[in-house]
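Notes to accompany the following structure.
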Amino acid sequence: IAGITQAPTSQILAAGRRMTLRCTQDMRHNAMYWYRQDLGLGLRLIHYSNTAGTTGKGEVPDGYSVSRANTDDFPLTLASAVPSQTSVYFCASSDSTSGSDEQFFGPGTRLTVL
Amino acid sequence: GQNIDQPTEMTATEGAIVQINCTYQTSGFNGLFWYQQHAGEAPTFLSYNVLDGLEEKGRFSSFLSRSKGYSYLLLKELQMKDSASYLCAVREGDYKLSFGAGTTVTVRA
Numbered sequence: 068i069a070g071i072t073q074a075p076t077s078q079i080l081a082a083g084r085r086m087t088l089r090c091t092q093d094m095r096h097n098a099m100y101w102y103r104q105d106l107g108l109g110l111r112l113i114h115y116s117n118t119a120g121t122t123g124k125g126e127v128p129d130g131y132s133v134s135r136a137n138t139d140d141f142p143l144t145l146a147s148a149v150p151s152q153t154s155v156y157f158c159a160s161s162d163s164t165s166g167s168d169e170q171f172f173g174p175g176t177r178l179t180v181l
Numbered sequence: 264g265q266n267i268d269q270p271t272e273m274t275a276t277e278g279a280i281v282q283i284n285c286t287y288q289t290s291g292f293n294g295l296f297w298y299q300q301h302a303g304e305a306p307t308f309l310s311y312n313v314l315d316g317l318e319e320k321g322r323f324s325s326f327l328s329r330s331k332g333y334s335y336l337l338l339k340e341l342q343m344k345d346s347a348s349y350l351c352a353v354r355e356g357d358y359k360l361s362f363g364a365g366t367t368v369t370v371r372a
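Going down the list, the protein sequences come from chains A and B.
When we follow the numbering used here, the leftmost residue of the first sequence carries the number 68, and every step to the right adds one.
When we follow the numbering used here, the leftmost residue of the second sequence carries the number 264, and every step to the right adds one.
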């Protein structure tokens, strides 16, 4: 693994189903993030984690949950998917001890909820 | 919270210069970022400003005025591969970024 990966690449999901999007980074970054990107709205933060064992809510957390059991993994779960959750989901990570704390993004997961 | 504004679209000719403006309102400014995003791909980091002034990095430069809540990204000697969306993002506090909706730049031959 090099950098940050996400799985699956894309998924079509029936409404009401449960879905977990996976995110793994090998850069030992302390902070990780989940965003959704919708046309005309830009990237919006769903949840974040400053360090393993802690999580926080972003701008649009409703309907989503996360966990951070270790440094590398930060899964995002949709407990009961709804069509409004159709979006492209990006996971990102950063080293908050660095000067700029730039975020590195995964390749994204395109999710369609029918 | 954040209110970040940037133009929706811009078009320029290959070899020209384009300036993408970004204005923001925030209660706890802690840095401004510019990201580039090609269609269907992930955003990639371009620049970071936390103090007033100009940061130059090759063909790309970014400027910040904290008192005016204003930044711009300057793209010089435009190339076809610069056709992409450019995202302005403001950090408030320690970790979280708030993004503008992005500016789609189209470079024409």
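Built from N, CA and C at the ideal position, the CB exists for glycine as well.
Membership of A:T153 in any beta strand (DSSP E) is not indicated, and neither H nor E is assigned to it by DSSP. Nearest C-alpha to B:Y298 among B:S310, B:G291 and B:T289: B:S310. Membership of B:Y287 in the beta strand (DSSP E) is indicated by the continuous run V281 to Q288.
With its beta carbon less than 8 Å from one in chain A, B:L350 belongs to the interface.
Judged by DSSP secondary structure, B:D268 falls within the beta strand (DSSP E) whose first and last residues are N266 to D268.
For B:N312, the enclosing beta strand (DSSP E) starts and ends at T307 to N312. Judged by DSSP in its simplified three-state form, B:K359 adopts coil rather than helix or strand. Within the model, the alpha-carbon separation for A:D140 versus B:K359 is close to 18 Å. For the pair B:R322 and A:A81, the Cα-to-Cα distance works out to about 46 Å. CA-to-CA, the gap between B:G316 and A:V149 works out to about 45 Å. Here A:L110 really is in contact with A:Y102; their C-beta atoms are around 4 Å apart, less than 8 Å. For B:M343, the secondary structure class from DSSP, reduced to helix, strand or coil, is helix. In summary, no residue of the segment 137 to 148 of chain A has a CB separated from any CB of chain B by less than 9 Å. Under the three-state reduction of DSSP, A:F141 is assigned to coil, being neither helix nor strand.
The beta-carbon distance between B:I280 and B:L338, rounded to whole angstroms, is 7 Å. This is short enough to meet the 8 Å contact definition.
Note on geometry: alpha-carbon atoms of A:R135 and A:A119 lie some 5 Å from one another.
Residue pairing by DSSP places B:S324 opposite B:E319 and B:L337 in a beta bridge. Put simply, the backbone Cα of B:Q269 is about 14 Å away from that of B:A347.
Apart from sequence neighbours up to five positions away, the residues of its chain that approach A:D168 with a beta-carbon distance below 6 Å are S161, ordered along the chain. The beta-carbon separation of A:L88 and A:Q73, rounded to 7 Å, stays under the 8 Å limit for a contact.
Remark: C-beta atoms of A:S154 and A:L178 approach each other more closely than 8 Å. The DSSP-derived three-state label of B:K331 is coil.
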